[in-house]
Amino acid sequence: MIDKKDIKNLKKIVGEENVKDDPAHLIAYSYDATKTRYKPEAVVFPKNEQDVSEILKYCNERGIVITPRGAGSGFTGGALPVKGGIVLSLEKHMNKILEIDMENMVARVQPGVINKDLQREVEKVGLFYPPDPASQEYSTIGGNVSENAGGMRAAKYGITKDYVMALRAVLPNGDIIRAGKKTIKDVAGYNIAGILVGSEGTLAVITEITLKLISKPKLTKTAMGVFGSVKEAMNAVYKSLAGGANPVAMEFLDNLSIRAVEEKFHKGLPVDAGAILISDIDGNVEEEIDYQLSLLEKFFKKNGCREFKIAKDEKEAADIWFARRNASQSITIYGSKKINEDVTVPRSMLPKYLEEVDRISKKYGVKIPCFGHTGDGNVHTNVMVDGSDPKEVEKGYKAIEEIFKVTIELGGTLSGEHGIGISKAPFMKMAFSDKEIELFKRIKHAFDPNNILNPGKMGLD
Ligand SMILES: Cc1cc2nc3c(=O)[nH]c(=O)nc-3n(C[C@H](O)[C@H](O)[C@H](O)COP(=O)(O)OP(=O)(O)OC[C@H]3O[C@@H](n4cnc5c(N)ncnc54)[C@H](O)[C@@H]3O)c2cc1C
Numbered sequence: 002m003i004d005k006k007d008i009k010n011l012k013k014i015v016g017e018e019n020v021k022d023d024p025a026h027l028i029a030y031s032y033d034a035t036k037t038r039y040k041p042e043a044v045v046f047p048k049n050e051q052d053v054s055e056i057l058k059y060c061n062e063r064g065i066v067i068t069p070r071g072a073g074s075g076f077t078g079g080a081l082p083v084k085g086g087i088v089l090s091l092e093k094h095m096n097k098i099l100e101i102d103m104e105n106m107v108a109r110v111q112p113g114v115i116n117k118d119l120q121r122e123v124e125k126v127g128l129f130y131p132p133d134p135a136s137q138e139y140s141t142i143g144g145n146v147s148e149n150a151g152g153m154r155a156a157k158y159g160i161t162k163d164y165v166m167a168l169r170a171v172l173p174n175g176d177i178i179r180a181g182k183k184t185i186k187d188v189a190g191y192n193i194a195g196i197l198v199g200s201e202g203t204l205a206v207i208t209e210i211t212l213k214l215i216s217k218p219k220l221t222k223t224a225m226g227v228f229g230s231v232k233e234a235m236n237a238v239y240k241s242l243a244g245g246a247n248p249v250a251m252e253f254l255d256n257l258s259i260r261a262v263e264e265k266f267h268k269g270l271p272v273d274a275g276a277i278l279i280s281d282i283d284g285n286v287e288e289e290i291d292y293q294l295s296l297l298e299k300f301f302k303k304n305g306c307r308e309f310k311i312a313k314d315e316k317e318a319a320d321i322w323f324a325r326r327n328a329s330q331s332i333t334i335y336g337s338k339k340i341n342e343d344v345t346v347p348r349s350m351l352p353k354y355l356e357e358v359d360r361i362s363k364k365y366g367v368k369i370p371c372f373g374h375t376g377d378g379n380v381h382t383n384v385m386v387d388g389s390d391p392k393e394v395e396k397g398y399k400a401i402e403e404i405f406k407v408t409i410e411l412g413g414t415l416s417g418e419h420g421i422g423i424s425k426a427p428f429m430k431m432a433f434s435d436k437e438i439e440l441f442k443r444i445k446h447a448f449d450p451n452n453i454l455n456p457g458k459m460g461l462d
């Protein structure tokens, strides 16, 4: 419990105006995209790394728990203060791009920088930061690193972890550490930056991030394939990638998703199709793009694609992407509650995975529209139920449990991009052995022996 003296001491560290314990602030910092609420006892806005260090040192000594927070857009409750204590909000002051080093193609940023702001700044000088979660307009780089966020371009360019070269971070006892270097190669010591990426704020507070940048490709073209069945489309995904196609994105909508977008927006989508695949191809010369498009067309058609369309201009490309960008909001026609998961399987398992989802949907009598980033094996699997009917909701969660089981059996993972947080913590035992979970706990203990940093997450307590 935080008392008046703690508030006074925290104010001494960061200044009167940077500690809030009024009801409005406590409510405003009690939520994330899960819609679950946990109220903190105070919200603290550090101005710099030194503040973070002093806050953590103080809280560690007093046994006050801390939940780091970026923009609060997480889908699994990572930024929720489930055990009370303070929310440490990094987005207010620690939001500067510190350096864009064009010679080494590297950016150095504070954790509160918004993803899209970084993308815009580096693109002004011809560079490119590919990870682009759909929350890019508001999620922070600190949050992206802590969740190892992915996005639409992962099929070709990978995810956040592929761009983190170095970090500065504060350990729960207040010690400031550096991990990694501004070098392409670095094999000295343990890969601590690698452990912190995706650690969901449970090990250290990240205070500075050095990111790899690449050259911005000059040209992009968009294509869409229409398939009679999901199975054909999923075969086309892994066979085209294994056959040398290198699309930026290979996104998918199943029939339920296509019909939902069409019902809401009347765009003339092929409502009788089993699935559509949408791909972007980028590069610097037309020939390269044309070659890649011809590969896609060849593999799509070999696998049952009945129509292959290449967008002639930006407007046509935007029209093709419209369906994918609006799938998530459109599928709400199937139920007032969406239990959405971001499971990921090896790409060659996609046909089997979606066959199993269909079986589970029939078994529980619930609709499960699927769409997402099939180019990296990541399928947004949405169990839609009537949220006002507890029996329906229970059925939905049973279906989800079975979906997780199938995912693990197929060599997949509980989460491709949203993390574990509190939402998926109950399933950690399904995905990891006792010994593996024990190792996670020992790592947590090595960083945070007093368990003050984001306790109650990732099934570690
Ligand atoms: C509409 C929508 C679309 C989304 N699309 C995608 C998507 O395409 N891909 C994807 O990967 N995710 C997506 N997300 C999920 C979410 O945006 C990402 O997980 C994002 O990385 C979270 O960033 P944030 O700044 O909001 O972090 P928060 O939600 O504030 O925090 C997330 C976690 O990071 C920790 N944390 C934050 N900052 C720090 C720090 N400096 N040091 C230590 N720990 C820290 C928190 O404690 C918490 O555990 C989406 C969310 C929404 C609402």
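Per my numbering, residue 2 is the first one in the sequence shown, and the count goes up by one each step. Ideal placement from N, C-alpha and C gives every residue a C-beta, glycine not left out.
- Distance check between Arg38 and each of Thr77, Glu439, Gly397 and Gly412 places Thr77 closest, using alpha-carbon atoms only.
- Under DSSP, Ala167 forms a beta bridge with Gly181 and Thr211.
- Taking 6 Å as the cut-off, the C-beta of Glu437 does not count as close to any heavy atom of ligand 1.
- Where Asp281 is concerned, the enclosing beta strand (DSSP E) starts and stops at Ala276 to Gly284.
- Straight across, the Cα-Cα distance linking Pro427 with Asp255 is about 29 Å.
- In the three-state reduction of the DSSP assignment, Val231 falls in the helix class.
- For Pro69, the uninterrupted beta strand (DSSP E) segment begins and ends at Ile67 to Arg70.
- Taken atom to atom, the span from the alpha-carbon of Tyr354 to that of Asn341 is near 16 Å.
- In its chain, beyond the 5 residues on either side, Pro218, Thr221 and Val249 have a beta carbon closer than 6 Å to the beta carbon of Asp283.
- Excluding five sequence positions before and after Lys183, the CB atoms of its chain that fall closer than 7 Å to its own CB belong to Asn105, Val107, Met166, Ala167 and Thr211, given in chain order.
- By the neighbour-count criterion, in which 16 or more other beta carbons inside 10 Å mark a residue as buried, Lys21 falls on the buried side.
- Along the length of the stretch 360 to 426, whole beta strand (DSSP E) runs at least 3 residues long occupy 371 to 374 and 379 to 386, reported in chain order.
- The stretch 28 to 42 makes contact with the stretch 78 to 85: 3 or more CB pairs, one atom from each, lie closer than 8 Å.
- According to the DSSP assignment, Leu99 belongs to the beta strand (DSSP E) that extends over Ile98 to Asp102.
- In the DSSP assignment, Glu252 falls within the beta strand (DSSP E) that extends over Ala250 to Asp255.
- Proximity to Gly175 across Lys240, Glu62 and Leu440 peaks at Glu62, based on C-alpha coordinates.
- Gln293 and Ser280 have their alpha carbons spaced roughly 11 Å apart.
- With fewer than three CB-CB distances shorter than 8 Å, the stretch 310 to 326 does not count as touching the stretch 382 to 397.
- Contact annotation: Phe253 and Thr375 have beta-carbon atoms nearer than 7 Å.
- When the beta-carbon positions are compared, Gly226 and Leu172 stay at least 7 Å from each other.
- Per the DSSP secondary-structure output, Glu308 pairs in a beta bridge with Val227.
- DSSP places Glu342 in the strand class (E or B) of the three-state scheme.
- Non-local beta-carbon contacts of Ala180 in its own chain, meaning distances under 6 Å to residues more than five positions away in sequence, involve Leu168, Ile193 and Ala194 in chain order.
- The beta carbons of Glu201 and Gly420 sit about 5 Å from each other, so the pair counts as a contact at 8 Å.
- Nearest in C-alpha terms to Pro131, of all of Val66, His381 and Lys213, is Lys213.
- According to the DSSP assignment, Ala34 belongs to no alpha helix (DSSP H), since it is labelled neither H nor E.
- For Thr37, the CB stays at least 6 Å from every heavy atom of ligand 1.
- Counting along the chain, the unbroken beta strand (DSSP E) around Val88 starts and ends at Ile87 to Ser90.
- Annotated three-state conformation of Arg154 is coil, per DSSP.
- In the DSSP annotation of this structure, the continuous segment of the beta strand (DSSP E) that includes Arg109 starts and ends at Val107 to Val110.
- Taken from the Cβ of Ser424, every heavy atom of ligand 1 lies 6 Å or farther away.
- Leaving aside the five residues that flank Ser362 on each side, the residues in its chain whose CB is nearer than 6 Å to its CB run, in chain order, Ile369.
- If you check the CB distance, Ala261 and Ile334 come in under 7 Å.
- Put simply, the backbone Cα of Lys268 is about 17 Å away from that of Thr223.
- Contact check for Phe46 against Ser90 passes: the beta carbons are separated by less than 7 Å.
- Take the alpha-carbon of Phe228 and the one of Gln137: they are about 30 Å apart.
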